[in-house]
Amino acid sequence: MRWIRRLWALAGFGIALGILVLGGAAYVARSGHSPRAWKEVARRLAPIFGAQRTERLELEVLLRPDEGHLRARAVVTVRPSARRRRFYFVLNPGLRVRAVHAAQGPPEASAYHLWTVLVLDAGRHVDAGEAAVFEIEYEGQPTSLAGDDGGRIAEGEVVLRPGDFWFPADLQGAFTAALTVILPARLTLIHSGEEDENVMLGAMRRVRWHYARPVHGLSLTVASCQWHDRHEGGVAYRLCLPEPAGLDAQRVLDELVAASDILTGRYGPAGFPAVAAYVSGRLRRGFNDGAGTLVLPMRSFRRGDYGFAAIAHAVAHNWWGGTVAEQWLRPGTGGQWIVEGLAEFSSWLALEERFGEGAGARRRAEEFFDPRAKVPLREFSAIDNALGDHRIRRVISGKGAYVAWMLRRVVGDDAFFGGLRSFLERFRYQSATEEDLEAVLAQVAGRDLSEFFTAWVRSASAANLRVEETGGRLVLRNAGDNPVVGPAEAWMFSRGEEPVRKALVSVGEEIVLPGDATAVIVDPLLLWADVDRHDNRFPRRSFPQWVSVSRFGARAVLKGEPYPWSPAELRVTPAGGGAPRTWDAPPGTAGRCQWVDERHLLLSADDGRGAVPAIVIFDTDAGMPWKIGRGSDPAAGPGVVYAARGARLLRWRGPEWREEEIGHFPGREVGSPAPAPDGRRVAYFLGRDGEMELHVRDAEDATDQLLLSWERGARWLAWSPDAAVLFVGLGARWDWQVWQVRLDGAPPSLLVSEAAVLGNLAVAPGGAKLAFPAVPAVDPRAHRELFLLDLNSRQARRLDVGEEDVWQVEWEGDEHLLVVAGPAAGAVPWYAPRERHLRRLRLADGSLADVESAQAPP
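With our numbering applied, the sequence shown corresponds to residues 1224 to 2081, in that order.
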């Protein structure tokens, strides 16, 4: 009767595990697949996964992209740390297990696949330290576990990330791996291993490879692309570009080699004999699979640096994630800070070493995290990074990098990089926690670092440096609740852009200005994670962010630093001149201000209270704001406001400003609505996966017109005054382009190409000219210049605004442009807060005149 007892025991186990796993699945479903829900599931699974570790994985995969299907056989060698009979893995729920065999024990081992958890019963107890070997046959269509950036098997591109769990994984550390993939011969397999075989089998191809060192993850990436190779420093660099890519392969390889050389010099060799990279036009977020294969989104090449920062971040994961990993099933141990924060830190480091400290300071300003996300760094995990919103991901990478940047200053370069190398060696091919990193760095530095780690890693507190005047003296204060801030540099200025003196000042110390100094800026190169920069300057100044001119001639200027957590103000000048009026803008206001009618302004206020910003109508007669709803990318037409909220296109009409849904597109994301001059029609983008479509919709009769399809990414839209044409700014490959799209069905025409960075598009009231800021050449140190395009002759020319970095441009009639600009970085590196001015450019003679000087706060 032994078999009956075994059956009952097995049934009882299956019921208990089913309750645990399926209960977790139900929790995830109820919570909308939130990171918090997934982390709770991870915590529940951690105890049953913890007493085993996969040592080796051998995979054979038959891939049929045209069917969206794979069939695989995995041979897994796993070793328990305590005697056990059952072994646990994660496997994509879209895959079906067909058979399981154990190398020792019954011929047919038992298997359960409950949601994402695969349980294998060896049929006998395996002693601690003894190897158990399972052969698992499975097949199916993997479902995406990372939003629209994973779980994809399509005819022209297959991208399965490690986190899609397309192979059985126990998340307990690194393992050796050997793979065989049979795929259509027309496609290319991207991998970074040592290739053992690559042969044709009729219309199919078989590729065998292995990894000489243990790896923490594996991707399956297959595409229609062309290889480009280079060997330097004993490393094979392999780049696969889609055809036509529009990218210079040798230049991309230059960036790849340069980033790898810089980081190898800091951390030592990563141990990968090859680094393979693939550039995808579909993906929105790139990744390193933990085995030296990088997948980069095309959009990362359009930030003015030809992808260098994104490449450096991906390469850095060869150390942070590929050599030392986080403890996946133990959220709250700081592993994601080590993996993602140190990778982003490495990107900053490489950018600064290659292009100078000004480029690094600008990058830190652009990537600054939202301090209102009150979660300690140690609490974030890979689950937050995969499923969290943009604010959470910015904290993980931005704040994570900043904390590493500050820690480097605290202990010094020798101790910091020496400590990181020691940490990598001590935990090579293992998982580690922030406490492990602290212990190693403290030992190498010879000092206690608990105060720093408590304040910056285990706490959500923030620092806020500010210069205060007390009794005629200037004193540096910290208005934040994080006290751990070291000495900061203070630059003193006279009338020029170059400081006349620099000094180190600690919190509580007096700042002594030389006699010729008129202003001081503390921490101008953003070396400390200071959450509010406007009060780092004395005397205080409020600089323009955006200017908007109504069709009646009134002018509105939004002033302040370009962060929603910084204070902002509105300054409105009536039509025909007159005394301007100034108000504090609603909390969270940043970006654009737009006229709705002769008295109302539209503002977007990211108050940190919702997933999307608040939409605010500001009454300039009464000086009162009115929140009418929430939505992304709000845009104003005559008496009307349009916005997006996920899959919904929304409208509000005055004077009641009630919300109306004018379009709902399940499975897609609405973005960038732009009302036509009549307010009745609206242009908007619909995104799904890596693609987007430009539509125009009549809000009254719900007719819809598809105008063009494009790779998904950032964009600008502007209407011609007669509403017959849309001007569209789009990212292409490495560059930005401006297209003219007619609504009469004529094919779109290209107006401008090969801009490294593109700003807003402004159409003249008469419809004959288009103005826009742009960086004309790839260089992260370059500034945005002002260009004017004659729409009749299609001729573009640069307008002289001096050595100014142009933020935004707006028409004031047909012959004058209002330009928001500030001094470009020259002999002095880029720093913040930088001055910005509002100037009027007269096209007839090219003369510039100040419209408003920077104002002291009211």
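All residues carry an ideal CB built from backbone N, CA and C; glycine is no exception. A quick note: this is a predicted structure, and the numbers were derived from the prediction, not measured.
- Query: Taking the alpha-carbon positions, what's the residue 2069 to residue 1764 distance?
  - Reply: Here residue 2069 is taken as the residue at index 846 of the sequence shown, counted from 1. Here residue 1764 is taken as the residue at index 541 of the sequence shown, counted from 1. The straight-line gap from Cα to Cα measures roughly 28 Å.
- CB contact flag (residue 1587, residue 1749, <8 Å): On the sequence shown, residue 1587 is found 364 positions in, with the first residue counted as 1. On the sequence shown, residue 1749 is found 526 positions in, with the first residue counted as 1. Yes; because the gap between Cβ atoms is below 8 Å, this pair is in contact.
- Task: Sort out for me which residues DSSP pairs residue 1696 with in a bridge.
- Result: Within the sequence shown, numbered from 1, the residue matching residue 1696 stands at position 473. Beta-bridge pairing links residue 1696 to 1693.
- Item | Terminal residues of the alpha helix (DSSP H) in which residue 1437 lies | Counted from its first residue, the sequence shown places residue 1437 at position 214. Neither: residue 1437 is in no alpha helix (DSSP H) and is coded neither H nor E.
- Message: Just to confirm my understanding: we take residue 1255, look at its own chain, exclude 5 residues before and 5 after, and list those with CB closer than 7 Å. What are they?
- Response: Taking the sequence shown and counting its residues from 1, one reaches residue 1255 at position 32. Its pLDDT being 46, under 50, residue 1255 is placed unreliably in this model, and the value from its coordinates should be taken loosely. Excluding positions up to five away in sequence, the list is empty.
- Item | 8 Å contact criterion, which residue 1870 and residue 1904 should meet: CB distance rounded | Stepping through the sequence shown from its first residue, residue 1870 is reached at position 647. Stepping through the sequence shown from its first residue, residue 1904 is reached at position 681. A Cβ-Cβ separation of about 20 Å leaves residue 1870 out of contact with residue 1904 under the 8 Å criterion.
- Following the continuous beta strand (DSSP E) through residue 1423, name the residue where it begins and the one where it ends. Counting from one through the sequence shown, the residue named residue 1423 turns up at place 200. Start and end: 1417 to 1424.
- Message: Residues in the same chain with beta-carbon distance under 7 Å from residue 1504, minus the five sequence neighbours each way, listed in chain order, please.
- Response: Taking the first residue of the sequence shown as 1, we reach residue 1504 at position 281. Counting only Cβ-Cβ distances below 7 Å, and skipping sequence neighbours, we find 1465, 1521, 1913, 1934.
- Message: So, under 8 Å CB-CB, residue 1286 and residue 1406 are touching, yes? Tell me the CB distance rounded to an integer number of Å.
- Response: Within the sequence shown, residue 1286 is the residue found at index 63, counting from 1. Within the sequence shown, residue 1406 is the residue found at index 183, counting from 1. So it is a contact: roughly 5 Å between Cβ atoms.
- Message: If I follow the unbroken beta strand (DSSP E) through residue 1262, where does it start and stop?
- Response: Within the sequence shown, the letter at position 39 stands for residue 1262. No beta strand (DSSP E) holds residue 1262; the alpha helix (DSSP H) holding it covers 1258 to 1272.
- Segment limits, alpha helix (DSSP H) that includes residue 1570: Residue numbering aside, residue 1570 sits at position 347 when the sequence shown is read from its first letter. Element bounds for residue 1570: 1565 to 1578.
- Message: If contacts are defined as beta-carbon pairs under 8 Å, then residue 1309 and residue 1342 qualify, I think. What distance do you get, rounded to the angstrom?
- Response: In the sequence shown, residue 1309 corresponds to position 86, counting from 1. In the sequence shown, residue 1342 corresponds to position 119, counting from 1. Rounded, the Cβ-Cβ distance is 6 Å, consistent with contact.
- Go through its chain and collect everything with a Cβ distance to residue 1412's Cβ below 7 Å, but skip five positions before and after it. Indexing the sequence shown from 1 puts residue 1412 at position 189. Within the same chain, residue 1412 has close Cβ partners 1404, 1406, 1430, 1445.
- Go ahead and label residue 1722 buried or exposed: buried means 16 or more other beta carbons lie within 10 angstroms of its beta carbon, across all protein chains shown. The residue given as residue 1722 occupies position 499 in the sequence shown. Buried, because 16 or more other Cβ atoms sit within 10 Å of the Cβ of residue 1722.
- Message: Assess contact between the segment 1651 to 1663 and the segment 1386 to 1406, defined as three or more Cβ pairs (one per stretch) separated by less than 8 Å. Is contact present?
- Response: At 8 Å Cβ cutoff, the stretches touch.
- Query: Which value, in whole angstroms, describes the spacing of the CA atoms of residue 2028 and residue 2048?
  - Reply: The count along the sequence shown starts at 1 and reaches residue 2028 at position 805. The count along the sequence shown starts at 1 and reaches residue 2048 at position 825. Roughly 8 Å separates the two Cα atoms.
- Of the choices 1993, 1775, 1761, 1275, whose alpha-carbon is the least far from that of residue 1734? The count along the sequence shown starts at 1 and reaches residue 1734 at position 511. Distances from the alpha-carbon of residue 1734 to those of 1993, 1775, 1761, 1275 put 1761 closest.
- Please find out if some non-hydrogen atom of the ligand MG comes closer than 7 Å to the beta-carbon of residue 1719. With respect to the ligand MG, the structure offers nothing, as it holds no ligand at all.
- Would residue 1718 pass as a contact of residue 1737 if the rule is Cβ separation under 8 Å? Walking along the sequence shown from the start, residue 1718 turns up at place 495. Walking along the sequence shown from the start, residue 1737 turns up at place 514. Result no, Cβ atoms of residue 1718 and residue 1737 do not sit closer than 8 Å.
- Same chain only: Cβ atoms within 6 Å of residue 1691, ignoring 5 sequence neighbours per side: Working through the sequence shown from its first residue, we reach residue 1691 at position 468. 1698, 1700, listed in sequence order.
- Task: Could you check what DSSP says for residue 1782 in three-state terms: helix, strand or coil?
- Result: The residue labelled residue 1782 in the question sits at position 559 within the sequence shown. If DSSP states are grouped into helix, strand and coil, residue 1782 belongs with the strands.
- For residue 1895, which residues of its own chain have a beta-carbon under 7 Å away from its beta-carbon, when the five flanking residues on both sides are left out? As a position in the sequence shown, residue 1895 is number 672, starting the count at 1. So the qualifying residues of the chain are 1856, 1907, 1908, 1938, 1940.
- Determine the contact status of residue 1867 and residue 1854, defining contact as a CB-CB distance below 8 Å. Reading the sequence shown from its first residue, position 644 is the one you call residue 1867. Reading the sequence shown from its first residue, position 631 is the one you call residue 1854. Closer than 8 Å, so yes.
- Stretch-stretch touch, CB-based, cutoff 8 Å, three pairs: the segment 1751 to 1759 with the segment 1562 to 1569: no
- Message: With a threshold of 7 Å on Cβ separation, who are the neighbours of residue 1608 within its own chain once the five nearest residues in sequence on each side are excluded?
- Response: As a first step, residue 1608 is located in the sequence shown; it is residue number 385 there, counting from the start. Cβ neighbours of residue 1608 beyond the five flanking positions: 1559, 1563, 1616, 1619.
- Query: Rounded to a whole number of angstroms, what is the C-alpha to C-alpha distance between residue 1434 and residue 1766?
  - Reply: Here residue 1434 refers to the residue found at position 211 of the sequence shown. Here residue 1766 refers to the residue found at position 543 of the sequence shown. Each residue's alpha carbon lies about 55 Å from the other.
- Would you please state the rounded distance, in angstroms, between the beta carbons of residue 1751 and residue 1688? I believe it to be under 8 Å. Taking the sequence shown and counting its residues from 1, one reaches residue 1751 at position 528. Taking the sequence shown and counting its residues from 1, one reaches residue 1688 at position 465. About 7 Å separates the two Cβ atoms, so the contact holds.
- Item | Spatial neighbours of residue 1478 in its chain, beta-carbon cut-off 7 Å, leaving aside the 5 residues before and after | Locating residue 1478 in the sequence shown gives position 255, where the first residue counts as 1. Contacts found: 1529, 1530, 1531, 1534.
- Message: Within a Cβ cutoff of 6 Å, which residues of the same chain sit near residue 1889, ignoring the five residues on either side of it in sequence?
- Response: For this step, residue 1889 is matched to residue 666 along the sequence shown. Annotation for residue 1889: 1870 place their beta carbon closer than 6 Å to its own, counting only its chain and skipping 5 residues before and after.
- Task: Rounded to whole angstroms, what's the CA-CA distance from residue 1629 to residue 1703? Just pull it up for me.
- Result: Here residue 1629 refers to the residue found at position 406 of the sequence shown. Here residue 1703 refers to the residue found at position 480 of the sequence shown. Roughly 16 Å separates the two Cα atoms.
- DSSP bridge partner residues for residue 1975 (one or two, in chain order): Here the question's residue 1975 lines up with position 752 in the sequence shown. 1961, per the DSSP bridge assignment.
- residue 1796 by DSSP, collapsed to three states: which one? Walking along the sequence shown from the start, residue 1796 turns up at place 573. Reduced to three states, the DSSP call for residue 1796 is strand.
- Can you pull the DSSP bridge partners for residue 1592? As a working note, residue 1592 is residue 369 in the sequence shown. Note: residue 1592 sits in no beta bridge, so no partner.
- Query: Between which two residues does the beta strand (DSSP E) carrying residue 1882 extend?
  - Reply: Locating residue 1882 in the sequence shown gives position 659, where the first residue counts as 1. Counting along the chain, the beta strand (DSSP E) containing residue 1882 begins and ends at 1881 to 1887.
- Item | 8 Å Cβ cutoff met for residue 1359 and residue 1313 | If you number the sequence shown from 1, residue 1359 lands on position 136. If you number the sequence shown from 1, residue 1313 lands on position 90. No, they are not a contact pair.
- Query: CA-CA distance, residue 2056 and residue 1832?
  - Reply: Here the question's residue 2056 lines up with position 833 in the sequence shown. Here the question's residue 1832 lines up with position 609 in the sequence shown. Taking the straight line joining both Cα atoms gives about 27 Å.
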